[in-house]
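Quick note on our numbering: the sequence shown kicks off at 50 and runs consecutively.
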Amino acid sequence: QRRLGIKAYAFDDPAAPSIDDDSVKVVHFVRHGQGFHNLMADMAQAEGRTWQQYSRTKDNPYVMPEILDAPLTDKGREQALMLQPVVRSFADQPELVVLSSQCR
Numbered sequence: 050q051r052r053l054g055i056k057a058y059a060f061d062d063p064a065a066p067s068i069d070d071d072s073v074k075v076v077h078f079v080r081h082g083q084g085f086h087n088l089m090a091d092m093a094q095a096e097g098r099t100w101q102q103y104s105r106t107k108d109n110p111y112v113m114p115e116i117l118d119a120p121l122t123d124k125g126r127e128q129a130l131m132l133q134p135v136v137r138s139f140a141d142q143p144e145l146v147v148l149s150s151q152c153r
């Protein structure tokens with residue numbers, strides 16, 4: 050059995066090992082674009098509201114039943130579109146894409 054070692058490097062880190070090395074796998078993590086839950090939180094903060102992260106209180110906009118599976122806003126869709134040419138420019142295209150079941 051071989052031991053699995055994981056090291057993380059920034060995309061443009063000159064110290065990163067060559068991706069031509071057969072023992073190197075490249076993993077890209079992409080966070081979703083702006084969702085309605087993010088927009089609701091921004092609006093709540095602009096109104097001066099505060100809440101404790103991960104709390105299930107009425108003050109926390111992230112746990113509002115209406116936005117538990119929040120779709121992307123127009124801005125979030127634009128952010129996703131802007132990322133497409135970046136991914137297409139990768140010399141090695143992704144072999145596997147893993148995503149959440151959330152609609153965003």
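By construction, the Cβ of each residue, glycine as well, lies at the ideal position given by its N, Cα and C atoms.
Under the 10 Å beta carbon count, H77 is surrounded by fewer than 16 other beta carbons and is classified as exposed.
Sequence-distant Cβ neighbours of A64 in its own chain, meaning closer than 8 Å and more than five residues away, are Y58. Three or more pairs of CB atoms, one per stretch, sit closer than 8 Å, so the region 79-92 contacts the region 106-123.
Short of 8 Å from the beta carbon of V75, and not among the five residues preceding or following it, lie these beta carbons of its own chain, in chain order: I68, D141. V135 and E127 have their C-alpha atoms spaced approximately 13 Å apart.
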